[in-house]
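Sequential numbering from 35 applies to the sequence shown in this note's numbering. First up is the structure itself, then whatever we jot down about it.
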Amino acid sequence: MEVNDLLVLECVTANLKATSKKQALQDLARRAADVSGLHERAVFDVLMERERLGTTGVGNGIAIPHGKLPNLDRLYGLFARLNQPIDFQAIDERPVDLVFVLLAPEGAGADHLKALARISRLLRDQNVCDKLRGTDNAEALFAILTESEEDRAA
Numbered sequence: 035m036e037v038n039d040l041l042v043l044e045c046v047t048a049n050l051k052a053t054s055k056k057q058a059l060q061d062l063a064r065r066a067a068d069v070s071g072l073h074e075r076a077v078f079d080v081l082m083e084r085e086r087l088g089t090t091g092v093g094n095g096i097a098i099p100h101g102k103l104p105n106l107d108r109l110y111g112l113f114a115r116l117n118q119p120i121d122f123q124a125i126d127e128r129p130v131d132l133v134f135v136l137l138a139p140e141g142a143g144a145d146h147l148k149a150l151a152r153i154s155r156l157l158r159d160q161n162v163c164d165k166l167r168g169t170d171n172a173e174a175l176f177a178i179l180t181e182s183e184e185d186r187a188a
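As structure tokens, this is what we get:
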């Protein structure tokens, strides 16, 4: 599974203005509702419930909020580069400025895990994160995120 299977340009935001985890997740839930047809509140509630289980701030300024929802027909990804880092209660206690949301249908067990692994692998690449932090253009962010592993290795 590649990131371009999850993400479309309309789901990439540069310079998202948020001062808290809750505000960032509300904004991303609104954007997810626009592209998926789901109710904003349902998306927000699923993301917040996941945060209550444990932070999705995985370290190095990165968060990967995720959840499963009924009535989704496929996996959806959303990415935001925040204009200022925010406290996400990350495991390394560093503020977060890169957020990749993954939403999956309730029955998407293996696909959900494969997508999470793919996103995690991508965002563990310091070169990728440096590029993401170095641009404030949604099109450029999308290109960086969807560049194939082969192209990145070249």
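We put the CB at the ideal spot given by N, CA and C, even for glycine. This one's a predicted model, so the numbers in the text were calculated from it and none came from an experiment.
Could you give the DSSP three-state label for residue i: helix, strand or coil?
| i | result |
| --- | --- |
| Thr47 | strand |
| Ala114 | strand |
| Ala138 | strand |
| Glu184 | Because Glu184 sits at a pLDDT of 49, beneath the cut-off of 50, its placement in the model cannot be relied upon, and the following sentence gives the value as read from the coordinates. In the structure shown, Glu184 sits in a helix (DSSP, three-state: H, G or I). |
| His73 | coil |
| Leu28 | What is shown of the chain runs 35 to 188, which leaves residue 28 out entirely. |
| Ala67 | helix |
Taking just the CA atoms, how far does residue j sit from residue i?
| i | j | result |
| --- | --- | --- |
| Leu59 | Thr53 | 11 Å |
| Arg128 | Asp61 | 21 Å |
| Ala66 | Asn105 | 13 Å |
| Ala4 | Arg115 | Only positions 35 to 188 of the chain appear in the structure, and residue 4 is not among them; the question remains open. |
| Val162 | Leu132 | 11 Å |
| Asn38 | Pro119 | 25 Å |
Near residue i, what residues of its chain come up, given a Cβ to Cβ distance below 7 Å and the 5 sequence neighbours on each side ignored?
| i | result |
| --- | --- |
| Ala76 | Leu103 |
| Thr89 | Phe122, Gln123, Ala124 and Ile125 |
| Arg86 | none |
| Lys148 | Met35 |
Is the separation between the beta-carbon of residue i and that of residue j shorter than 9 Å?
| i | j | result |
| --- | --- | --- |
| Val130 | Lys55 | yes |
| Leu48 | Thr180 | Sequence inspection shows Ala at residue 48; the Leu mentioned does not correspond to that position. For Ala48 and Thr180, no; Cβs fall outside 9 Å. |
| Leu137 | Val46 | no |
| Lys165 | Ile153 | no |
| Ala142 | Leu175 | no |
With a cut-off of 8 Å on the beta carbons, I'd call residue i and residue j a contact; round off their distance for me.
| i | j | result |
| --- | --- | --- |
| Leu41 | Gly111 | 4 Å |
| His100 | Leu50 | With 8 Å as the limit, His100 and Leu50 do not qualify as a contact, their Cβ atoms being about 18 Å apart. |
Could you name the residues of the same chain whose beta carbon sits closer than 8 Å to that of residue i, not counting the 5 residues immediately before and after it, in chain order?
| i | result |
| --- | --- |
| Glu184 | Note that Glu184 scores a pLDDT of 49, beneath 50, so its modelled location is shaky; the value from the coordinates is reported in the next line. No residues qualify anywhere along the chain. |
| Asn171 | Ala48 |
| Arg84 | Thr90, Pro99, His100 and Gly101 |
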